[in-house]
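Peer 1: I have a structure I would like to understand better, so I am pasting it below and will then ask my questions one at a time.
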Amino acid sequence: MTQNLASNSATRAVPDDRKSRFATLTFEQDVAAPLAVLWEAWTAPAARAIWAAPSPLVTVEFLEADTRVGGREVSLCKAEDQPDIRCENGWLALQPAVCSVNYEVISCEGVTQSAALVTANLSGTHERSRLVVTVQLSSLAQDMEAGYRAGFGAGLDNLASAAERTMVLQRVIQAPRSIVWGAWMNPETLPQWWGPEGFSCRTKRIDLRTGGEWVFDMIAPDGTVFPNHHLYNEVRPEERIGYTLHWGENGPKHADAWASFEEQDGATKVTLGMVFSTAAEFQEAKGFGAVELGLQTLGKLERFVASR
């Protein structure tokens, strides 16, 4: 069989200039964060929007983001005095905390520059994790290997930094997703359960839609008032919410957050994620018990849903 292939003119060795269009690239990244956190940072649209830009001189605008098998992600990379670069990703496989596979097509001004198959393998523990990404690249309009090496290298460094200041809280609630979503996205019921044990909410304005906001005070058991301002940038019914957290109305942002809702045999897995603006804010939040307080909040949601 080998001899027959070698004698066939259609299967002769490819010239060097064409060989250079194809490459297999491997990137490895160690992350000082739990495996579950790395998975969320790698896949959650709100987190991907934070680390995707390879350079401070580049901004990334997400036009679509649907992280599920068959879903796609479309973004524009923008740099001053440069044409926009369009990136389309399609998710082919997603095995939580284990691996993902997606295709990626890069184009500029309507011309396809490259196509790639991207395979990510994750491993780790409750303290540290590791990401290995293999890119099978086909350069089309021009040689894209150097750009991929630089872009993925910088992006994964950004990912590690974001993951190391990300907090992820999860709870499986024994109720259908529509019921859990309704309790969260109803302006009358959300303030009734939001917050840790003993805290209450005093709402000033609430508009739970894309582009909406919730301005409210969290009141501690001792009467201490904590002003809050949530700005909603994405609401996908019964799937996920994306928003930013601010210290009081129009105050400084301290985190980008998301909540996702996943059906599990009639129950609902709720994931609440937050990427803090700085490592110092993340450590401060951990120090005053944000993980425990956040889990108390999800516990209150479960009790509220059960009572209804």
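Here the sequence shown stands for residues 775 to 1082, numbered as in the numbering used here.
From the three backbone atoms N, C-alpha and C, an ideal C-beta is built for every residue, glycine too.
Computed from a predicted structure; not experimentally measured.
#1: Out of ALA936, ARG846, VAL885, state which residue places its alpha-carbon closest to the alpha-carbon of GLY1047.
#2: Which residue comes first and which comes last in the beta strand (DSSP E) that contains ASN1007?
#3: I need the straight-line Cα distance from ALA894 to LEU799, nearest angstrom please.
#4: For a test of the three-state rule: what should DSSP assign to GLU901, helix, strand or coil?
#5: In terms of alpha-carbon separation, which member of VAL872, LEU850, ALA1031, GLN910 lies closest to SER881?
#6: Which residues mark the beginning and the end of the alpha helix (DSSP H) in which ASP931 is found?
#7: Based on Cα-Cα distance, which residue from ALA1033, ALA815, PHE973, VAL907 lies nearest to PHE801?
#8: What would DSSP say about TRP967, mapped onto helix, strand or coil?
#9: Figure out for me which residue from VAL909, PHE973, ASP991 has the closest Cα to the Cα of ILE980.
#10: For the beta strand (DSSP E) that SER974 lies in, which residues bound it at each end?
#11: Taking the alpha-carbon of PRO808 as reference, which of ARG939, THR886, ASN876, PHE926 has the nearest alpha-carbon?
#12: When you compare only the Cα positions, how much space is there between ARG976 and ASP1039?
#13: To test your reading of the DSSP string, which unbroken beta strand (DSSP E) runs of 3 or more residues are found completely within the stretch 838-916?
#14: Whole angstroms are fine: how far does the CA of ASP1030 sit from the CA of SER912?
#15: When the Cα atoms are used, what is the spatial distance from VAL909 to VAL832?
#16: Got a sec, what are the start and stop residues for the alpha helix (DSSP H) THR1052 sits in?
#17: Can you give the Cα-Cα distance for ASP840 and TRP865, rounded to whole angstroms?
#18: Quick check: the Cα distance between VAL1079 and LEU943, rounded to an integer number of angstroms?
Peer 2: A quick look at the data gives this:
#1: As a working note, residue 1047 is residue 273 in the sequence shown. Per the C-alpha coordinates, the member of ALA936, ARG846, VAL885 positioned closest to GLY1047 is ALA936.
#2: To locate residue 1007, count along the sequence shown from 1; it is residue 233. Where ASN1007 is concerned, the enclosing beta strand (DSSP E) stretches over 999-1010.
#3: The residue labelled residue 894 in the question sits at position 120 within the sequence shown. The residue labelled residue 799 in the question sits at position 25 within the sequence shown. Cα to Cα, the separation comes out at about 12 Å.
#4: The residue labelled residue 901 in the question sits at position 127 within the sequence shown. Reduced to three states, the DSSP call for GLU901 is coil.
#5: Position 107 of the sequence shown, counting from 1, holds the residue named residue 881. Distances from the CA of SER881 to each of VAL872, LEU850, ALA1031, GLN910 were compared; the closest alpha carbon is that of LEU850.
#6: Against the sequence shown, residue 931 aligns to sequence position 157. Where ASP931 is concerned, the enclosing alpha helix (DSSP H) stretches over 919-937.
#7: For this step, residue 801 is matched to residue 27 along the sequence shown. Residue VAL907 holds the alpha-carbon nearest to the alpha-carbon of PHE801 among ALA1033, ALA815, PHE973, VAL907.
#8: Looking up residue 967 in the sequence shown gives position 193. In the structure shown, the three-state DSSP call for TRP967 is helix.
#9: As a working note, residue 980 is residue 206 in the sequence shown. Residue ASP991 is the option with its Cα nearest to ILE980.
#10: Taking the first residue of the sequence shown as position 1, residue 974 is located at position 200. First-last of the beta strand (DSSP E) with SER974: 974-980.
#11: Position 34 of the sequence shown, counted from the start, is the residue given in the question as residue 808. If we check each option's Cα against that of PRO808, ARG939 comes out closest.
#12: Numbered from 1 along the sequence shown, position 202 holds the residue referred to as residue 976. Numbered from 1 along the sequence shown, position 265 holds the residue referred to as residue 1039. Looking at the two C-alpha atoms, the distance is approximately 35 Å.
#13: Annotation note: the stretch 838-916 contains the following uninterrupted beta strand (DSSP E) runs of length 3 or greater, listed N- to C-terminal: 846-853, 859-869, 873-882, 885-898, 903-913.
#14: To locate residue 912, count along the sequence shown from 1; it is residue 138. To locate residue 1030, count along the sequence shown from 1; it is residue 256. Going by the C-alpha atoms only, they are around 34 Å apart.
#15: One-based indexing of the sequence shown puts residue 909 at position 135. One-based indexing of the sequence shown puts residue 832 at position 58. For VAL909 and VAL832, the distance between alpha carbons rounds to 22 Å.
#16: As a working mapping, residue 1052 is identified with position 278 in the sequence shown. That residue, THR1052, is in no alpha helix (DSSP H); it is neither H nor E in DSSP.
#17: As a first step, residue 840 must be located in the sequence shown, where it is residue number 66. As a first step, residue 865 must be located in the sequence shown, where it is residue number 91. Taking the straight line joining both Cα atoms gives about 9 Å.
#18: What you label residue 1079 is simply residue 305 of the sequence shown in a count that begins at 1. What you label residue 943 is simply residue 169 of the sequence shown in a count that begins at 1. If you take the alpha carbons of VAL1079 and LEU943, they lie about 18 Å apart.
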